[in-house]
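Q:
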Amino acid sequence: MSLLFRRFRSGARRTALAGLLALLPALALAHPHGWIDIRVRLVVDEEGRLEALHQAWRMDPFYSLVLIEELSQTEGGLEAGLDRLGGEIRGNLEPFDYFTELRMGDDALRLGDVTEYTVMERDGRVEFVFLLPLAEPRTLSEQTLQYQVFDPTYYLEVVHAAEGDAPDDDALTVGGGLNCTTRVLPADPDPERVMEASMLDVQDQAEPGLGRHFAETGVVECE
């Protein structure tokens, strides 16, 4: 199970998830077992410094269906259940820097604590929205910023929201008045890593770090 949901394991969820997986072709049981569509917006202050990454994660329809069905049956109904789920997800992600690695040039950037987050149901899918601050703001002018967002175990694939092969225009954006270009680089995993992932079935736990090799890279260059 993904680190994202490792504390959210009631019998009802396991039963429903097993039923959904049983409907999928055998090849679909190789890693990953689900996906997350993300949108990232760089939050920039008036001095042109990067303060935070505003991220929106939409769970795939299968995970969403299971979660919505179970949460609707809990105390307080769906809305209260989504609120509780937000705290669970935030707590699960904290020890892993919220699945986010951020670099400016050769420097790895330290991240702060997430205190602003919410979970909602939108068009039948569960969406986790949060503000991930930097430990300290960093100037973006004349810099190249790169980031990756990935589940270390690669149980869930994390990709930028897209229609077809190209990321959506709002999959990666920059706030503020800076003149920046953005692009999303596809993953290019080594064939051995692809084989390693394909041999894991729904019961297996990948070694932490496998997901990095399948992660897209967001690139932001500012003048």
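Those letters in the sequence shown? Residues 19 to 241, by my numbering. Backbone N, C-alpha and C define an ideal beta-carbon position, used for all residues, glycine too.
1) Take the Cβ of glutamate 175 as the centre, count every other Cβ of all protein chains shown within 10 Å, and call the residue buried at 16 or more, exposed below.
2) By how many angstroms is the C-alpha of leucine 96 removed from the C-alpha of leucine 163?
3) Are there 16 or more other CB atoms within 10 angstroms of the CB of alanine 233, so buried, or fewer, so exposed?
4) When the Cα atoms are used, what is the spatial distance from leucine 45 to aspartate 101?
5) So, is glutamate 88 buried or exposed, given that buried needs 16 or more other C-beta atoms within 10 angstroms?
6) Report the rounded CA-to-CA distance for alanine 70 versus aspartate 187, giving the unit in angstroms.
7) Relative to the C-alpha of tyrosine 81, which candidate in Arg59, Phe146, Thr200 has its C-alpha closest?
8) Check the C-beta distance from valine 242 over to leucine 190 and give it rounded, since I have them as a contact under 8 Å.
9) With DSSP as the reference, identify every bridge partner of serine 159, one or two as the case may be.
10) Within its chain, find whatever has a CB closer than 8 Å to the CB of glycine 104; leave out the 5 residues flanking it on each side and keep chain order.
11) Tell me where the beta strand (DSSP E) around tyrosine 81 begins and ends.
12) Just checking my contact of threonine 157 with arginine 59 at CB under 8 Å: how many whole Å lie between their CB atoms?
13) Does the beta-carbon of methionine 77 have 16 or more other beta-carbons within 10 angstroms, so that it is buried, or is it exposed?
14) Restricting to Cα atoms, I'd like to know which of Val62, Pro209, Leu149 is closest to glutamate 112.
15) Assign aspartate 188 to one of three DSSP states: helix, strand, or coil.
A: Reading it off the structure:
1) buried
2) 38 Å
3) buried
4) Here leucine 45 scores only 35 on pLDDT, less than 50, and its place in the model is too uncertain to base an answer on.
5) buried
6) 20 Å
7) Distance check between tyrosine 81 and each of Arg59, Phe146, Thr200 places Phe146 closest, using alpha-carbon atoms only.
8) It is not possible to answer for residue 242, since the shown part of the chain is limited to 19 through 241.
9) Cys240
10) Tyr135, Thr136, Val137, Phe146
11) Note, tyrosine 81: premise wrong, no beta strand (DSSP E); alpha helix (DSSP H) at 79-90.
12) The pair is not a contact, with the Cβ atoms about 18 Å apart (cut-off 8 Å).
13) For methionine 77, the number of other beta carbons within 10 angstroms of its own is at least 16, and it is reported as buried.
14) Leu149
15) coil
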